[in-house]
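Undergrad: I am attaching a structure below and will ask some questions about it afterwards.
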Amino acid sequence: MQTRVYFLPPDFPGPFWDGDAFDPFTYQSMPDPPDDTSKEILEAVGVVFSPGANSRFDRFTQLLTVHNTPENLELVEKHVATLIKLSPKTIRWRLEIMEIPASMPAEVSHQLGALKKLAAEPGSGVRRMVVMLVEGKGGTRIDQRSALEHSFLLPPERGKDDSITFGIDQRSVGARVELEGTIAPDDSVIEASIAIHAPVPPPVSRQVKVGDPLTGTMAEYPVEDVRDVEWVTGITLSPGKTKLVGVAASPWEDGRQLAAFLTAEVLCYDHQGVFALFEPPPAEIKPPAGMTAVSIHLPSGAYAAALPGREHDSLLTWLDSASLKSPGSFVRLEGDRLHVVNTHQNIERIAVVVHHLNKRLWKNLRVMLHTIEAPAAMLDDGTSVDDDKLFARLESEAVAGKARFIDSRAFEMLPGDRVTQQSADEYRILTEIGIDKNGGIWPEMDTRHAGALFEFEGTIGPDNQYIEVNLVHELHALPIESRRVRFLVPKAKKEREAPLIDFHVARTVTGITLQNGHQRLFAAHSPPMGRQDGRVWLSFIRADIVAQHTPPRPRLPDPLPEPPSPAGDPDALEVRFFRVPPDFLTFGGESKKTAKKLLEDVGITFPKGSSATFIPATAQLVVKNTRANLELVAAYVEETCRMPIRSVVVHSQIIEAPGSLLREFAIQAAPRSNHESMLAKLLEQPEVKKLDVSRIEGRGGQRLTVKAGDEISYLAEFEPDDHGRPRSLYQTRHAGFRLEFEPAIDPDVQHVRFHVHGEWHTAPPTQLSEHLLDAQGRRFDLPLTVFHAHVFSSDFVMGDGNTHLISIWKPVGVEKDVLQALFITTRIVHP
Numbered sequence: 001m002q003t004r005v006y007f008l009p010p011d012f013p014g015p016f017w018d019g020d021a022f023d024p025f026t027y028q029s030m031p032d033p034p035d036d037t038s039k040e041i042l043e044a045v046g047v048v049f050s051p052g053a054n055s056r057f058d059r060f061t062q063l064l065t066v067h068n069t070p071e072n073l074e075l076v077e078k079h080v081a082t083l084i085k086l087s088p089k090t091i092r093w094r095l096e097i098m099e100i101p102a103s104m105p106a107e108v109s110h111q112l113g114a115l116k117k118l119a120a121e122p123g124s125g126v127r128r129m130v131v132m133l134v135e136g137k138g139g140t141r142i143d144q145r146s147a148l149e150h151s152f153l154l155p156p157e158r159g160k161d162d163s164i165t166f167g168i169d170q171r172s173v174g175a176r177v178e179l180e181g182t183i184a185p186d187d188s189v190i191e192a193s194i195a196i197h198a199p200v201p202p203p204v205s206r207q208v209k210v211g212d213p214l215t216g217t218m219a220e221y222p223v224e225d226v227r228d229v230e231w232v233t234g235i236t237l238s239p240g241k242t243k244l245v246g247v248a249a250s251p252w253e254d255g256r257q258l259a260a261f262l263t264a265e266v267l268c269y270d271h272q273g274v275f276a277l278f279e280p281p282p283a284e285i286k287p288p289a290g291m292t293a294v295s296i297h298l299p300s301g302a303y304a305a306a307l308p309g310r311e312h313d314s315l316l317t318w319l320d321s322a323s324l325k326s327p328g329s330f331v332r333l334e335g336d337r338l339h340v341v342n343t344h345q346n347i348e349r350i351a352v353v354v355h356h357l358n359k360r361l362w363k364n365l366r367v368m369l370h371t372i373e374a375p376a377a378m379l380d381d382g383t384s385v386d387d388d389k390l391f392a393r394l395e396s397e398a399v400a401g402k403a404r405f406i407d408s409r410a411f412e413m414l415p416g417d418r419v420t421q422q423s424a425d426e427y428r429i430l431t432e433i434g435i436d437k438n439g440g441i442w443p444e445m446d447t448r449h450a451g452a453l454f455e456f457e458g459t460i461g462p463d464n465q466y467i468e469v470n471l472v473h474e475l476h477a478l479p480i481e482s483r484r485v486r487f488l489v490p491k492a493k494k495e496r497e498a499p500l501i502d503f504h505v506a507r508t509v510t511g512i513t514l515q516n517g518h519q520r521l522f523a524a525h526s527p528p529m530g531r532q533d534g535r536v537w538l539s540f541i542r543a544d545i546v547a548q549h550t551p552p553r554p555r556l557p558d559p560l561p562e563p564p565s566p567a568g569d570p571d572a573l574e575v576r577f578f579r580v581p582p583d584f585l586t587f588g589g590e591s592k593k594t595a596k597k598l599l600e601d602v603g604i605t606f607p608k609g610s611s612a613t614f615i616p617a618t619a620q621l622v623v624k625n626t627r628a629n630l631e632l633v634a635a636y637v638e639e640t641c642r643m644p645i646r647s648v649v650v651h652s653q654i655i656e657a658p659g660s661l662l663r664e665f666a667i668q669a670a671p672r673s674n675h676e677s678m679l680a681k682l683l684e685q686p687e688v689k690k691l692d693v694s695r696i697e698g699r700g701g702q703r704l705t706v707k708a709g710d711e712i713s714y715l716a717e718f719e720p721d722d723h724g725r726p727r728s729l730y731q732t733r734h735a736g737f738r739l740e741f742e743p744a745i746d747p748d749v750q751h752v753r754f755h756v757h758g759e760w761h762t763a764p765p766t767q768l769s770e771h772l773l774d775a776q777g778r779r780f781d782l783p784l785t786v787f788h789a790h791v792f793s794s795d796f797v798m799g800d801g802n803t804h805l806i807s808i809w810k811p812v813g814v815e816k817d818v819l820q821a822l823f824i825t826t827r828i829v830h831p
């Protein structure tokens, strides 16, 4: 038999106590709990307790301790997962589309493994067209595609004023799968609704001539013919089994056919001990009779963090207090585990404090995403292994030149918020072409991003180990394609041309569960159109839960004892001493201001004979005044000197370094609350470049902006002039560095919550020269500006004086493995 300890909600098996009514910092007696019914509850869900097995639930520590066989403990873990509302499993879908000869025997066409072996043999007539993998939670709708987004002209529309408008739309051409699956309670069956679109050749353009009934003249414009292969169905799958979903004629070549295979695996998470607040101690720790031994597992640095409600103490200093020092007790810190031996009653008090600390600490999520191009065979070999091992193997293959990182990014956020991040080229593209009744041309334009775009929502589960995630990931890792199309409007004598842009897109929309600090392969794509070369793009994501903590505050000197106020004349002058900070005279912003002048400025009067003197050597304020005015001075000192208005100073810097160096830095920094010392060592590396630095100071609750760069004018749109003729309208866009902060200082004056929007242009803007032709055949030039920008928006919390890695991104248009990163340092200061 084995023993495992689980951290559960306090209402298991029923509500008992109000945690706020018990003060763990005072040595008061613990209330007696009612009878423990945990064994009966577990037996009701199928857990068997043979002789020697037992169960105990402690409502104060919220710990369920179960001693049983591994098989029964697995049942306990499943029940525990339902209690804390954790999604214990997800579905990993894998789609393969093979092109095979139509003459191939039916028994072979159903065997995916045999077809993949044939595809590796030259001249076999079998081609591996699509490899797609995506993970999602049961009941989540998943959309994944790897396609060409082909631009085309819509049929012309005539307006009431005889104007003609050609709209421009985009059609997705390529592989796409839409899924929604549910898992049976016993994991034996997966029910799924699916729609699969096979890859097809690029659209074929042809010119269409249409007579205009109003003018009797011809209109001509291109239409796009696209072949289509699609399967839409609802199926039942057995986990781990491959099913042939459908077969259809190949759009690529006559006499061939496409076969779509779908595999679904149920991925169950390992819950062993992940819910535990305390862990069993090492075997060598033997507690004396009447004592209990436990191990506490908290994030690095949390043991020395200030305790909520007791900001001058850390967990370590509190454990050293006299009330917890029973004979034979001890504490020992080893890495991120604190081993404690004490009486059972003191262990219960310690558990309450640890839970209080862990619950009240601010927590950020640090998220990293990587996309790696590798041979599809590596995905075949890696489906049955741990995703951390697969990622490590791909890193090694990248060093050896057999794989390559296409994109890497990282960011920090508060759980429950939505983060957007993109590193992309910003193109101005045509969305509509209008022709007025006089033949004048009216183009409409919009902005389209091509690069890496990411949207992320993450919430931490009650166990502080799992993160529930919804995400959108879009990657344009192939260059855009520009082309021109011809069209003729009624009554025109000459054809016109318009520039169109096609994009290659790999996109995934899904919801998954991540385990704290572990890599997850959430998507794999065959590259978009024209790249069926046996390689796949593998996208990994990792999230770390990071508690934000600061050291305890220095204790303020005890206030000076005040003599009792004698009865008598209320206008009589009295002398009182106040303890104030050493920088008392600088509160008003004028270093030469006297104590009396400072107090008068806040409305305190000084009648004849009264005075106020500040003694810097002892940090004392000596005031002689009436009793009523002294009360006002006391109130001012208590309100302003103990909790003065504070400002926030933010330092930021952007660096560039080899991708392997910054990826390693991000992983090592992920669990840490402060990156200051790590950044100092990173900046000592000769291959690290400093690209930008900034500093700004402002009050909490106020928007702060810092920027540096160029103001670039670009063609934004067209508008009519006074005579109704089209006129170019230019706008100005900042290109360079820009950060906007909204800091909010936490009431503990140790943490700052930030809302940050940042923008960094990884290269100067470039210019595209396009043109249109009007009714008379005159050239209409379109100078289109392309901006290359990394843009992000996020919320996070930082401790006073800490440095954080806020964002990592890949510069747009750079092929080599180089990354850039933003670091921020914040300090809370006096105004």
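The sequence shown maps to residues 1 to 831 in this note's numbering. C-beta atoms are modelled at their ideal positions from N, C-alpha and C, and glycine is treated no differently.
1) Which residues in the same chain as Asp817 place their Cβ atom closer than 6 Å to its Cβ, once the five residues preceding and following it in sequence are excluded?
2) Tell me the rounded alpha-carbon separation between Arg171 and Thr510.
3) Measure the CB-CB distance between Pro156 and Val489 and report whether it falls below 8 Å.
4) Is the beta carbon of Leu621 sitting closer than 8 Å to the one on Ala595?
5) Who pairs with Phe694 in a beta bridge, going by DSSP?
6) Would the beta-carbon of Ile433 fall within 8 Å of that of Pro443?
7) Could you check the C-alpha separation between Ile712 and Thr215 for me, to the nearest Å?
8) By DSSP, does Arg4 sit in helix, in strand, or in coil?
9) Contact between the region 258-265 and the region 297-317: three or more CB pairs below 8 Å?
10) Measure the C-alpha to C-alpha separation of Ala219 and Ile501 and round it to an integer number of angstroms.
11) Who does Met129 pair with in a DSSP beta bridge?
12) Regarding Lys402 and the ligand NAD, is the C-beta to nearest heavy atom distance less than 7 Å?
13) Give the DSSP bridge partners of Arg176, in chain order.
14) Going by CA-CA distance only, name the one from Ile745, His790 and Pro747 that's closest to Ala763.
15) Using the C-alpha atoms, what's the distance from Val399 back to Phe540?
16) Between the region 797-811 and the region 674-693, do at least 3 Cβ pairs fall closer than 8 Å?
17) Just how far apart, CA to CA, sit Leu538 and Val130?
18) Can you say whether Leu154 is buried or exposed, counting buried as having 16 or more other CB atoms within 10 angstroms of its CB?
19) Go through its chain and collect everything with a Cβ distance to Lys209's Cβ below 7 Å, but skip five positions before and after it.
20) Would you check if the region 404-422 and the region 810-829 touch, i.e. whether three or more CB-CB distances between them fall below 8 Å?
21) Looking at C-alpha atoms only, which residue of Ala147, Val469, Pro51 and Ile164 is the closest neighbour of Asn68?
22) Mapping DSSP to helix, strand and coil, what is Val829?
23) Give a yes or no on whether the C-beta atoms belonging to Asp187 and Asp417 are separated by under 8 Å.
24) Quick one: Cα of Lys493 to Cα of Arg779, how far?
25) Would you say Lys39 reaches chain D, if we count a Cβ-Cβ gap shorter than 8 Å as a contact?
26) Can you tell me where the alpha helix (DSSP H) holding Met834 begins and where it ends?
27) Per DSSP, what kind of secondary structure is Thr613 in: helix, strand or coil?
28) Could you pull out every residue in the same chain whose Cβ sits closer than 7 Å to the Cβ of Ser834, ignoring the five residues on either side in sequence?
29) In chain order, what residues of the same chain lie with their CB nearer than 6 Å to the CB of Val232, ignoring the 5 residues before and after it?
30) Taking 6 Å as the limit between beta carbons, can you name the residues of its chain near Thr626, skipping five residues before and five after?
31) Can you give me the Cβ contacts of Ala716 inside the same chain, cut-off strictly under 7 Å, excluding the 5 residues immediately before and after it?
32) Looking at the structure shown, is Asp601 part of a helix, part of a strand, or coil, going by DSSP?
33) Which word fits Met1, buried or exposed, when buried means at least 16 other C-beta atoms lie within 10 angstroms of its C-beta?
34) If you reduce the DSSP assignment to three classes, tell me which class Arg355 lands in.
35) So, is Thr605 buried or exposed, given that buried needs 16 or more other C-beta atoms within 10 angstroms?
36) Please report the straight-line C-alpha distance between Pro239 and Met368, rounded to a whole angstrom.
TA: In short:
1) Stepping through the sequence shown from its first residue, residue 817 is reached at position 817. Once the five neighbours on either side are set aside, the close Cβ partners of Asp817 are Phe405 and Gly659.
2) Numbered from 1 along the sequence shown, position 171 holds the residue referred to as residue 171. Numbered from 1 along the sequence shown, position 510 holds the residue referred to as residue 510. C-alpha separation (whole angstroms): 22 Å.
3) Here residue 156 corresponds to residue number 156 of the sequence shown, with the count starting at 1. Here residue 489 corresponds to residue number 489 of the sequence shown, with the count starting at 1. A contact, by the Cβ cut-off of 8 Å.
4) Sequence index remark: in the sequence shown, residue 621 carries index 621 (1-based). Sequence index remark: in the sequence shown, residue 595 carries index 595 (1-based). In contact: Leu621 and Ala595 (Cβ atoms closer than 8 Å).
5) Residue 694 sits at position 694 when you count from the first residue of the sequence shown. The displayed chain sequence assigns Ser, not Phe, to residue 694. Ser694 pairs with Ser652.
6) As a position in the sequence shown, residue 433 is number 433, starting the count at 1. As a position in the sequence shown, residue 443 is number 443, starting the count at 1. Contact flag set, yes.
7) Numbered from its first residue, the sequence shown carries residue 712 at position 712. Numbered from its first residue, the sequence shown carries residue 215 at position 215. Looking at the two C-alpha atoms, the distance is approximately 45 Å.
8) Within the sequence shown, residue 4 is the residue found at index 4, counting from 1. Strand, per DSSP.
9) no
10) The count along the sequence shown starts at 1 and reaches residue 219 at position 219. The count along the sequence shown starts at 1 and reaches residue 501 at position 501. Their backbone Cα atoms lie some 23 Å apart in a straight line.
11) In the sequence shown, residue 129 corresponds to position 129, counting from 1. None, per the DSSP bridge assignment.
12) Of the ligands one can find in the structure shown there are none, so the ligand NAD has no counterpart to examine.
13) As a working mapping, residue 176 is identified with position 176 in the sequence shown. In DSSP, Arg176 forms a bridge with Arg145 and His197.
14) The residue given as residue 763 occupies position 763 in the sequence shown. The shortest C-alpha separation from Ala763 is found at His790.
15) To locate residue 540, count along the sequence shown from 1; it is residue 540. To locate residue 399, count along the sequence shown from 1; it is residue 399. When rounded, the distance between both Cα atoms is 18 Å.
16) yes
17) The residue you call residue 538 lines up with position 538 of the sequence shown. The residue you call residue 130 lines up with position 130 of the sequence shown. Cα to Cα, Leu538 sits roughly 13 Å from Val130.
18) Taking the first residue of the sequence shown as 1, we reach residue 154 at position 154. Result: exposed.
19) The residue you call residue 209 lines up with position 209 of the sequence shown. For Lys209, where only same-chain residues beyond five positions count, the Cβ hits under 7 Å are Met218 and Glu220.
20) yes
21) Within the sequence shown, the letter at position 68 stands for residue 68. Answer by Cα proximity: Pro51.
22) Mapped onto the sequence shown, residue 829 falls at position 829. Strand.
23) As a working mapping, residue 187 is identified with position 187 in the sequence shown. As a working mapping, residue 417 is identified with position 417 in the sequence shown. Not a contact, by the Cβ cut-off of 8 Å.
24) Your numbering for residue 493 matches position 493 in the sequence shown. Your numbering for residue 779 matches position 779 in the sequence shown. Answer to the nearest angstrom: the Cα atoms are 15 Å apart.
25) No chain D is present in this structure, which holds just one protein chain.
26) Any property of residue 834 remains undetermined from this structure, which presents the chain solely from 1 to 831.
27) Working through the sequence shown from its first residue, we reach residue 613 at position 613. Residue state, collapsed to three classes: strand.
28) With the chain covering only 1 through 831, there is no way to say anything about residue 834.
29) Walking along the sequence shown from the start, residue 232 turns up at place 232. For Val232, where only same-chain residues beyond five positions count, the Cβ hits under 6 Å are Ala195.
30) Here residue 626 refers to the residue found at position 626 when the sequence shown is read from its first residue. Excluding positions up to five away in sequence, the list reads Asp571.
31) Along the sequence shown, read from residue 1 onward, the residue named residue 716 stands at position 716. Contacts found: Leu729, Tyr730 and Gln731.
32) In the sequence shown, the residue the question calls residue 601 occupies position 601. Asp601 falls in the helix class under three-state DSSP.
33) Residue 1 sits at position 1 when you count from the first residue of the sequence shown. Result: exposed.
34) For the purposes of this step, residue 355 is taken as the residue at position 355 of the sequence shown. The sequence as given places His at residue 355; Arg does not occur at that position. In the structure shown, His355 sits in a helix (DSSP, three-state: H, G or I).
35) Your numbering for residue 605 matches position 605 in the sequence shown. The residue in question, Thr605, is exposed, as its Cβ has fewer than 16 Cβ neighbours within 10 Å.
36) Looking up residue 239 in the sequence shown gives position 239. Looking up residue 368 in the sequence shown gives position 368. For Pro239 and Met368, the distance between alpha carbons rounds to 29 Å.
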